[in-house]
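**Q**
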Amino acid sequence: EYDPDAVIKMWGEPVGNHQNSGAREFFGGDLKGVEQKLEYLEQLGVTALYFNPIFSSPSNHKYDTTDYFTIDPMFGTNEHFASLCEKIRSKNMKIVLDAVFNHTSVHHPWLDIQQKGKGAYGNPKSDFRDYYFFDGESNHYIGWK
Numbered sequence: 001e002y003d004p005d006a007v008i009k010m011w012g013e014p015v016g017n018h019q020n021s022g023a024r025e026f027f028g029g030d031l032k033g034v035e036q037k038l039e040y041l042e043q044l045g046v047t048a049l050y051f052n053p054i055f056s057s058p059s060n061h062k063y064d065t066t067d068y069f070t071i072d073p074m075f076g077t078n079e080h081f082a083s084l085c086e087k088i089r090s091k092n093m094k095i096v097l098d099a100v101f102n103h104t105s106v107h108h109p110w111l112d113i114q115q116k117g118k119g120a121y122g123n124p125k126s127d128f129r130d131y132y133f134f135d136g137e138s139n140h141y142i143g144w145k
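What the sequence shown shows, in full-length UniProt numbering, is residues 1 to 145, in sequence order.
1) Which two residues bound the contiguous beta strand (DSSP E) that contains residue 94?
2) Can you tell me whether DSSP reads residue 111 as helix, strand or coil?
3) Within the continuous alpha helix (DSSP H) that includes residue 82, where are the two ends?
4) Residue 127 by DSSP, collapsed to three states: which one?
5) Could you tell me how far apart the beta carbons of residue 54 and residue 72 are, in whole angstroms, since I believe they sit closer than 8 angstroms?
6) Pick helix, strand or coil for residue 33, following the three-state DSSP scheme.
7) Pairing CB atoms from the segment 109-123 with CB atoms from the segment 69-87, are three or more of them under 8 angstroms?
8) Taking only three categories from DSSP, how would you classify residue 40?
9) For residue 138, is the beta carbon positioned less than 6 angstroms from some heavy atom of the ligand FMN?
10) When we look at the beta-carbon of residue 144 and count the other beta-carbons within 10 Å, is it buried (16 or more) or exposed?
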């Protein structure tokens, strides 16, 4: 039987960019752009919206999260996202987030490669040390667990 719910993602097709962030090699839109396209998406029969990572991150792809509780300013604010979620739900659409929880940015407070806090990079006794692979007690960072 045919499943009427369809999930589609057109790579390289932005939904609109309503701010000039100046970020290098960013080829996407923002939350306000998605909001402006909701009527169109509804007319197409879209039932779910899939978002690539939208949480704070230093990269253009956002797969290296620094804060899982904050929308990256390149896309908007937490308030923009909450408002957009309400509007999406009011149209009986679902939201799918590509949230990366199996690794973080090297700038995430848990690793803290710049040693600004209590991250694992500069502190072998850090509560977060077991989240990452290091070469023994050294700061030679190998990767995520």
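Backbone N, C-alpha and C fix where the C-beta goes; we use that ideal spot for every residue, glycine too. Note that the structure is predicted; figures quoted are calculated from it, not measured.
**A** Reading from the atomic positions:
1) One-based indexing of the sequence shown puts residue 94 at position 94. Residue 94 -> beta strand (DSSP E) spans 94-97.
2) Mapped onto the sequence shown, residue 111 falls at position 111. In this structure, residue 111 counts as coil in the three-state DSSP scheme.
3) By one-based count along the sequence shown, residue 82 stands at place 82. Where residue 82 is concerned, the enclosing alpha helix (DSSP H) stretches over 78-90.
4) Residue 127 sits at position 127 when you count from the first residue of the sequence shown. Correct three-state label for residue 127: coil.
5) By one-based count along the sequence shown, residue 54 stands at place 54. By one-based count along the sequence shown, residue 72 stands at place 72. With 8 angstroms as the limit, residue 54 and residue 72 qualify as a contact, their Cβ atoms being about 6 angstroms apart.
6) One-based indexing of the sequence shown puts residue 33 at position 33. Residue 33 falls in the helix class under three-state DSSP.
7) no
8) For this step, residue 40 is matched to residue 40 along the sequence shown. DSSP places residue 40 in helix when its eight states are reduced to three.
9) Absence of the ligand FMN from the depicted structure is noted, as is the absence of any ligand whatsoever, leaving it without description.
10) Locating residue 144 in the sequence shown gives position 144, counting from the first residue. It is exposed - the Cβ of residue 144 has fewer than 16 other Cβ atoms within 10 Å.
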